[in-house]
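One structure is given here, and the rest of the page talks about it.
2 protein chains.
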Amino acid sequence: MAARGKSARRKPAVRKATRPGTVASNVDLGSLPAALGYLLRRAQVAVFADFIATLDGVGLRPGQYSVLIVIEGNPGLSQRELCAALDIQEANFVPMMNGLVRRGLAQRRPSPADHRRYALHLTARGAALLRRARALHRSHEARLVARLGTRGRAALTRLLQALANL
Amino acid sequence: MAARGKSARRKPAVRKATRPGTVASNVDLGSLPAALGYLLRRAQVAVFADFIATLDGVGLRPGQYSVLIVIEGNPGLSQRELCAALDIQEANFVPMMNGLVRRGLAQRRPSPADHRRYALHLTARGAALLRRARALHRSHEARLVARLGTRGRAALTRLLQALANL
DNA sequence: TATTGTTATACTCTATAACTATA
DNA sequence: TATAGTTATAGAGTATAACAATA
């Protein structure tokens, strides 16, 4: 938060009083702090940063985590189906899936009925890693609830869903 | 991202038909729809898509729009100060500012007191474009309020601010 | 020595076209 | 012809190191 009023005219003497992460700026952001897109972006970046740091130990990025969850919940799913569900470009999914396969977390099994398709599955190791990741994810969510309150979290969920498919 | 005519505030009985852009997925997303990071990301992407489409006519991306707003509100600001206020890496700001200068929207004036600094200013053309952009931005925000309600918008603002500096 | 702006670079994420092999 | 997967590529966005000019 700014320490001074918005129309601070005077230049404070060498404000080097910034702590790491806190920018003591008397810069007027104008209408930006009221713009939903701006707020949404700042919040998303902050939440992702916390999520990424939280799951660093299991080596999963947000996208990889979501892919593992969907494979686990829908064993045998094809790549196209998974990509459609998560709004991932199929071309971009290939190297990502390659990484999961290389790490022994997921498999591409040949689909018996249709030789064009793969049936995606988690390995035992993938399922085990996902259990650890889920626990970490829960701690991340708990941190968010500490900020928002249970009631606030429910309200935020509803509001974000209203925007999700604008 | 254009809204589709098929409004239908109806309860999806079983399966929604596949329209372009709407994937008829019976894919189980598991815990993802309850994950704040996931919801935040989906909402941010949707809102940005609408913003970008709305401001396409003035040729401004979200980052450029925010930069013009801050320059206008703080004429004479240095590049470092602007970057600190908007959390932009200074190295990344250079080509972006070059683009605004090339388009005649903003200027780097030499700072008389300190020859290391630039004093950033909008040109008349930049100010005029920003006026048009602001009007477009307002229509974008109005679309969001139509989704959220005035009360919902206020609540969302508060909740996002609580997450912004996690 | 420190600060301002810059260049170069690299890595992620995303988007599109074109190809292959199967259906 | 259409579909599933793949490759190549290009564009944003973001991050860090190193440098020149200036303080």
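Residue numbers (the working numbering), protein chains in the order written: chain X, 1 to 166; chain W, 167 to 332.
Glycine included, each C-beta is placed from N, C-alpha and C at the ideal position.
> Which residues of chain W have a Cβ atom closer than 8 Å to the Cβ of T157(X), listed in chain order?
Replying inline: Listed along chain W are A200, L202, L205, each with a C-beta nearer than 8 Å to that of T157(X).
>> Closest to L234(W) by C-alpha separation, out of L206(W), L266(W), Q327(W), would be which residue?
In response: Checked all of L206(W), L266(W), Q327(W); the closest Cα to L234(W) is L266(W).
> For R108(X), which residues from the same chain have a beta carbon less than 6 Å from its beta carbon, with the 5 sequence-adjacent residues on both sides left out?
Replying inline: Taken in chain order, the residues that qualify are Y118.
> Grouping DSSP H, G and I as helix and E and B as strand, with all else coil, what is P75(X)?
Replying inline: Note: P75(X) maps to coil in three-state DSSP.
>> Using only the alpha-carbon positions, how far apart do V193(W) and V70(X) sit?
In response: If you take the alpha carbons of V193(W) and V70(X), they lie about 8 Å apart.
> What are the start and end residues of the beta strand (DSSP E) that includes H287(W)?
Replying inline: Unbroken beta strand (DSSP E) run through H287(W): 284-288.
> Does any CB atom of chain W fall closer than 8 Å to the CB of E90(X)?
Replying inline: Answer no: the Cβ-Cβ gap between E90(X) and chain W never drops below 8 Å.
> Between the beta-carbon of V58(X) and the beta-carbon of L144(X), is there less than 8 Å?
Replying inline: The answer is no: Cβ separation not under 8 Å.
>> Against chain X, with Cβ distances strictly below 8 Å, would Q210(W) count as a contact?
In response: Q210(W) counts as touching chain X.
> A279(W) by DSSP, collapsed to three states: which one?
Replying inline: In the three-state DSSP reduction, A279(W) falls in the coil class, being neither helix nor strand.
> Using a Cβ-Cβ cut-off of 8 Å (strictly less than) and excluding sequence neighbours within five positions of H140(X), which residues of its own chain qualify?
Replying inline: Excluding residues within five positions, the ones whose Cβ falls inside 8 Å are D50, F51, T54, L55.
> For Q161(X), which residues in chain W fall below 7 Å Cβ to Cβ?
Replying inline: Going along chain W in sequence order, the residues near Q161(X) (Cβ under 7 Å) are L205.
> To the nearest angstrom, how far is it from the Cα of N331(W) to the Cα of H115(X)?
Replying inline: For N331(W) and H115(X), the distance between alpha carbons rounds to 49 Å.
> Do the stretch 30-43 of chain X and the stretch 83-99 of chain X make contact, defined as three or more Cβ pairs closer than 8 Å?
Replying inline: Segments in contact, no.
> Which first and last residues belong to the alpha helix (DSSP H) in which G265(W) is found?
Replying inline: Residues 256-268.
> Going by DSSP, what residues sit across from Q107(X) in a beta bridge?
Replying inline: Q107(X) is bridged to H121(X).
> What's the C-alpha gap between R151(X) and T316(W)?
Replying inline: For R151(X) and T316(W), the distance between alpha carbons rounds to 19 Å.
> Could you give the distance in angstroms between the alpha-carbon of G196(W) and the alpha-carbon of G73(X)?
Replying inline: Each residue's Cα considered, the two are about 6 Å apart.
>> Classify A312(W): buried if its beta carbon has 16 or more other beta carbons within 10 angstroms, exposed otherwise.
In response: Taking a 10 Å sphere around the C-beta of A312(W), we find fewer than 16 other C-beta atoms and assign the residue as exposed.
> Going by other Cβ atoms of all chains shown within 10 Å of its Cβ, with 16 needed for buried, is A320(W) buried or exposed?
Replying inline: When all chains shown are included, A320(W) counts as exposed.
> In three-state DSSP terms, what is V193(W)?
Replying inline: Here V193(W) sits in coil by DSSP.
> Closest Cβ-Cβ distance between L122(X) and chain W: below 8 Å?
Replying inline: Judged by the 8 Å Cβ criterion, L122(X) is not in contact with chain W.
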